[in-house]
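Counting with mature numbering (1 follows the signal peptide of the UniProt record, and there is no 0), you get residues -24 to -1, 1 to 662 for the letters of the sequence shown.
For glycine and all other residues, C-beta sits at the position ideal for the given N, C-alpha and C.
Just so you know, these numbers come straight off a predicted model, no measurement behind them.
Here's the structure we're looking at; comments come further down.
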Amino acid sequence: MKFSKSQSYSLLAAMVVVASATSAHRVRVQPFGPELAHQEYHAPTSISTAGFATDKSFFTGSASNPQKVATDFVEQHLTSSQYIVKNTYTSKHNGVTHVYLRQLIDGLEVVNGDINVNVDKNGNVISYGDSFYKGQRTESLSIKDWIQKESENILEKGRQLNFGRRRRGNAHDQELFLAPEAKATISPQDAVLSFARFLNVEIVRPEDMDITTTYSLNSDKAEVVLTNCPLTANGKVPINQAYIQTENGALELVYDFQVEMKDTDNWFHAQVNAKTGKVMQVIDWVADATFNVYPMGVNDPEDGDRKMVVNPEDKLASPLGWNRQAQNKNFTTTIGNNVYAGENRRNGNDWQNNPKPEGKLSKDGDLIFDFKIDFEKDPSTYVDAAITNLFYWNNQIHDVFYHYGFDEPAGNFQENNLGRGGLSGDAVIANAQDGSGYNNANFATPPDGQRGQMRMYVWDITEIPRDGDLESGIIIHEYAHGISTRLTGGPANSGCLAWGEAGGMGEGWGDFFATMFRQNETHNYHSEFEMATYAAGGRGIRRFPYSTSLQTNPETFKIMDGQAYWGVHAKGEVWAEMLFEVYQNLHLRLPFTDDWYTRDKTDYANTLVLQLVVDGLKLQPCMPSFIQARDAIIQAEKLLTNGRYHCDIWKGFAKRGLGLKARVIGANAPFGGLRFESFALPSTCE
């Protein structure tokens, strides 16, 4: 195949802001993509006006082959389209198998055509999400016009739209659709040039970029790589052709590629129209956060003293220990199977060469990482202590969440998966005191099998700068991006929490996990929690503390219609507050435990809510709305405790406007969407 390097095409203007010197060095691009009006999610709460009064499954098959149950259900009831199975795994604690499908048309993937099917241990399909392409709508409306039209329908007829209508009849009886001609009129080089211009980044010698095509012995699919690209450190950009669905229901041919930027902290997954050069969708796998949170035990230097911990690894989650990757790979530095932690003050891309503290061997042969800190001096003077803390907390989060289902098949971060499923080679790269910015932190989450990357920064808000590496809540929030991204839509799909309500929840889960891990037995229903009080110099950076008081924190579902809440961090505050309300309701009935590894997770409020939230991440669809994520958590509780705390959860959501009749149009629209609050409960809870 020959490609022209001189093809011309038109470009759309991009809204790009370059970060200031006091922020992380990133290209500021608001992630975006088509809002699909036909995206559905069906769970018991979405088809019953009385909560779990409806216990019927959608489909039943053989319990011995849950993947076949899922594919039979899809083929008989959802679509006649071709597809590939991207991921399948079973959650051990509840027996639910999660199957993730990607649509194929003319042999090409539809990048936003996903189905996730959840099959219980008895072979029943209990919930599913569907955004497969169904053919172009006869009426072409912009999202803005569609919101206006459908909001009028809601007001006039009381329709419930956000879950769509259940499909009637057999999928094979539906009218088949035709894809556009799969013929690109611009080259891969042109597509990358288009994306570079979208970023306001100049490629000086585009003619040097070349195409390399290789074929795998195990596949007839060619791997196309653009080489000599100055945007990336190694000059390589993997490129595939694919389709993308547009907002008006059309199907467009695109180039699909990943760009791990060389000179900024961005790691983009983008689709560029293969005929016009228009940038159709952009996802940044690096999730940003400006916060400071509290973990299990001691959160930061102002919250308590450092303690020496002995052999802290969990034997199930990290059977090799924290400083070993295999029997022949033992490390005396902050390297192990779960994380590579090192200093990156120079802002280098060769993370393997980042300086790492060397542990001292005791007379008994134990490694000891013990380094002094003088807070009257610059953080550079105690970087070894900072790296040690960063290494400890990355491992700690890995081990805790392993017990809640973020394991190898679910796509966790490990260099060696020890034959337990999933893809290896993706331990987290954790950079302490990263030199690319200040007053921030971020986490990049590529698909399973590629290393997650955490960047932690020094904060220079106070007279003597403070190090975010010493605030474990920041580390927890960042790592949470890796957890929520890998679990939503399956570990092979990193594009399911990109913007809108979905992206907002990506931030909210981070805040919620961090707030949960700072809980202790002295806290009660009236306890309130600020974010970012250490690194940011004593003042929280969220609009309101997390609190059960509507006077202290007035945020409800409807507030996200306002322009101040169009960004993902603002939306995340609302979602974290809702989850906090759910936890506090559970805490009224159940005690707290500081043993996060307890086998009896349903006996304690904090371990129960953590399990339900993790299970909900697996059950919900790609690009979920708040309502769909709520329904997934409610279904998770039904599966785990048979509805024992059903009403406690509903009351938490309903208090913040996400009650039974809550509706949203344009949940993931870039300009905000339209929300209808509800404080109503299912009849069984009134």
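Can you find the residues in the same chain that come closer than 8 Å, C-beta to C-beta, to Phe655, ignoring five residues on each side of it along the sequence? Ala630, Lys631, Gly633, Gly635
I'd like the span of the beta strand (DSSP E) that includes Met432, first residue to last. 429 to 432
Please confirm whether Lys534 and Gly484 have their CB atoms less than 9 Å apart. no
Which runs of the beta strand (DSSP E) fall wholly inside the segment 274 to 302 and span at least 3 residues, in chain order? 300 to 302
Do you know whose CA, among Phe307, Leu337, Gly318, Lys336, lies nearest Asn329's CA? Gly318
With a CB to CB cut of under 7 Å and the five nearest residues on each side skipped, what residues in its chain are close to Arg651? Phe533, Lys534, Met536, Asp537, Val640
Do the CB positions of Gln15 and Asp106 come within less than 9 Å of each other? yes
Please report the Cβ distance between Lys627 and Leu657, rounded to the nearest whole angstrom; I am assuming they are in contact, meaning their Cβ atoms lie under 8 Å. 7 Å
Within its chain, find whatever has a CB closer than 6 Å to the CB of Arg144; leave out the 5 residues flanking it on each side and keep chain order. Only weak support is given to the placement of Arg144: the predicted model assigns it a pLDDT of 29, under 50, and the value that follows is read from those uncertain coordinates. None.
For Tyr358, does the count of other Cβ atoms within 10 angstroms reach 16, so buried, or fall short, so exposed? buried
Using CA atoms only, rank isn't needed, just tell me which of Phe602, Glu613, Tyr316, Arg606 is closest to Thr578. Glu613
Own chain partners of Asp290 with C-beta closer than 6 Å, once the 5 adjacent residues on each side are dropped: Asp375
Straight-line gap, Gly513 to Ile609 (C-alpha atoms, nearest Å): 35 Å
Sorted by chain position, which residues of the same chain lie with C-beta nearer than 6 Å to Trp327's C-beta, five sequence neighbours on each side aside? Ile405
In whole angstroms, give me the CA-to-CA distance for Glu223 and Pro10. 5 Å
Own chain residues within Cβ distance below 7 Å of Leu84, not counting five before or after: Ala158, Gln217, Ala218, Tyr219
Are the segment 226 to 237 and the segment 306 to 322 in contact at 8 Å, needing three or more beta carbon pairs? no
Which word fits Pro383, buried or exposed, when buried means at least 16 other C-beta atoms lie within 10 angstroms of its C-beta? According to the sequence as given, residue 383 is Asp; it is not Pro. It counts as buried.
With DSSP collapsed to three states, give me the class of Glu653. coil
Inter-residue CB distance, Tyr559 and Pro567 (contact presumed, cutoff 8 Å): With a Cβ gap of about 13 Å, Tyr559 and Pro567 do not count as contacting.
Are the segment 516 to 534 and the segment 582 to 597 touching by the rule of at least three beta carbon pairs closer than 8 Å? no
Just checking, does the segment 442 to 453 make contact with the segment 351 to 366 on the three C-beta pairs under 8 Å criterion? yes
Answer yes or no: do Phe8 and Pro646 have a C-beta to C-beta separation smaller than 9 Å? yes
Tell me, which residues are paired with Asn249 by DSSP? Val230
Starting from Tyr76, trace the beta strand (DSSP E) in both directions and tell me its first and last residue. 73 to 81
Take Thr161 and list the residues in its own chain whose beta-carbon comes closer than 6 Å to its own, dropping the five residues that flank it on each side. Lys251
Name the residue from Asn500, Gly476, Ser503, Arg494 whose alpha carbon lies nearest to the alpha carbon of Trp551. Gly476
With which residues is Asp579 paired in a DSSP beta bridge? Paired residue(s): none; Asp579 is not in a bridge.
Drop a sphere of 10 angstroms on the beta-carbon of Tyr501, count the other beta-carbons inside from all chains shown, and report buried for 16 or more, exposed for fewer. exposed
Ala209: which of Glu199, Gln234, Val200, Ile187 sits nearest, CA to CA? Gln234
Among Met481, Pro423, Gly466, Ser470, which has the Cα closest to the Cα of Gly381? Gly466
Three-way DSSP call (helix, strand, coil) for Asp260 in this model: strand
Tell me whether the beta-carbon of Thr310 lies closer than 9 Å to the beta-carbon of Lys336. no
Got a sec, what are the start and stop residues for the alpha helix (DSSP H) Ile60 sits in? Unbroken run through Ile60 is the beta strand (DSSP E), 58 to 66; no alpha helix (DSSP H).
The alpha helix (DSSP H) spanning Pro42 covers which residue range? 42 to 49
Which term fits Asn299, buried or exposed, when burial requires 16 or more other beta carbons within 10 angstroms of its beta carbon? buried
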